[in-house]
Amino acid sequence: MLALIPNFLIKSINRIELENPGSFSSEVEPSMGTMLSVYLYAKDEGHSRIGHLDIGYRGSIYSYGAHDNFNRAKSMAYGDGVMIIGSEKDFVQYAVDTGTTVFRFFIHLTQEQASQIEARIDTILEDAFYYDYPYREDPEGENYLTRLRQANLKVDFYKFKRGKFKTYNVFTTNCVLVADQIIESSGMRLIQISGVATPCAYYEYLESQLKKPGSGVIQKKIYTSKSS
1 MLALIPNFLI KSINRIELEN PGSFSSEVEP SMGTMLSVYL YAKDEGHSRI GHLDIGYRGS
61 IYSYGAHDNF NRAKSMAYGD GVMIIGSEKD FVQYAVDTGT TVFRFFIHLT QEQASQIEAR
121 IDTILEDAFY YDYPYREDPE GENYLTRLRQ ANLKVDFYKF KRGKFKTYNV FTTNCVLVAD
181 QIIESSGMRL IQISGVATPC AYYEYLESQL KKPGSGVIQK KIYTSKSS
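Numbering-wise (the working numbering), the sequence shown opens with residue 1 and increments by one.
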């Protein structure tokens, strides 16, 4: 499990800010045109230390996880798979404003790659159905989906009737697998995953691609709240 913990990201922020202050921002803008974003979230607190990874594309966020507290293990290692879809700007900005450090990698797509990614997203969502999360049963806002509703974010929640994404498993069907399923449809196999697919493994690969001439990974930004 140690390989899952993104502490090195948290601890390296001061060094990165000194070396490249222009890569930092507190205001999130959506991915537009043929730009795809990979977001990695890191927070040195509880389950958040495991990290999380999402896809942003054409203004929409695609965030998969065991988000439903009513239908998951207490360890959050497995449970009903839930896809959060909606405003990329609202969703990521909320994470930043509530104290999460967000690392964003920008990937430039050709028109053909963009079409392939859109087709893959449609395929993944064929088995999805709208989930009317009972947030009123959690008036204190103890759970994540409740807090998203209370913040009036422009997002919706979906579950899956069948298929691999019906059940989330931190070691197999996790946020990294979903992101990779979307991206590899364009012909870009960003990482050859062996063993546990972790957000940190993805981060390290994207970082290496950023330094590689001719790579589709063209930029990185780091978002922190103004008060941090």
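All C-beta atoms, glycine included, are put in the ideal place defined by N, C-alpha and C.
Cβ pair residue i, residue j closer than 7 angstroms
i, j, result
"G81", "F160", "yes"
"I218", "F103", "no"
"I55", "A179", "yes"
"L36", "Y57", "yes"
"Y108", "G214", "The question names Tyr, yet the displayed sequence has His at residue 108. No. Outside cutoff."
"I117", "S185", "yes"
"Y133", "L145", "yes"
"Y158", "A128", "yes"
"Y202", "V28", "no"
"Q150", "G163", "no"
Cβ neighbour criterion (16 or more within 10 Å) applied to residue i
i, result
"Q111", "exposed"
"D122", "exposed"
"A66", "buried"
"N174", "buried"
"K226", "exposed"
"Y41", "buried"
"T98", "exposed"
"Y168", "buried"
"S31", "buried"
Reduced DSSP category for residue i - H, G, I as helix; E, B as strand; rest coil
i, result
"D54", "strand"
"D156", "strand"
"T110", "coil"
"H47", "Here the model assigns H47 a pLDDT of 49, short of 50, so the residue's position is not dependable, and the following value carries that caveat. Helix at H47."
"L4", "Confidence at L4 is low in this model, with a pLDDT of 43, below 50, so the placement of that residue is unreliable and no value is reported for it."
"S75", "coil"
"N69", "helix"
"S25", "strand"
"Y64", "strand"
"K317", "The chain is shown only over 1 to 228; residue 317 falls outside these bounds and no answer can be derived."
"T123", "helix"
"A42", "strand"
Whole-angstrom distance between residue j and residue i, CA atom to CA atom
i, j, result
"K43", "H52", "10 angstroms"
"P139", "K211", "47 angstroms"
"R241", "Y78", "Past the edges of the chain, shown from 1 to 228, lies residue 241, and the structure says nothing about it."
"L153", "G86", "8 angstroms"
"D68", "N20", "38 angstroms"
"D90", "L148", "10 angstroms"
"I182", "M188", "10 angstroms"
"T100", "S26", "11 angstroms"
"I13", "Y205", "18 angstroms"
"K221", "D156", "26 angstroms"
Inter-residue CB distance, residue i and residue j (contact presumed, cutoff 8 angstroms)
i, j, result
"V92", "Y39", "6 angstroms"
"T34", "A114", "5 angstroms"
"V176", "P199", "6 angstroms"
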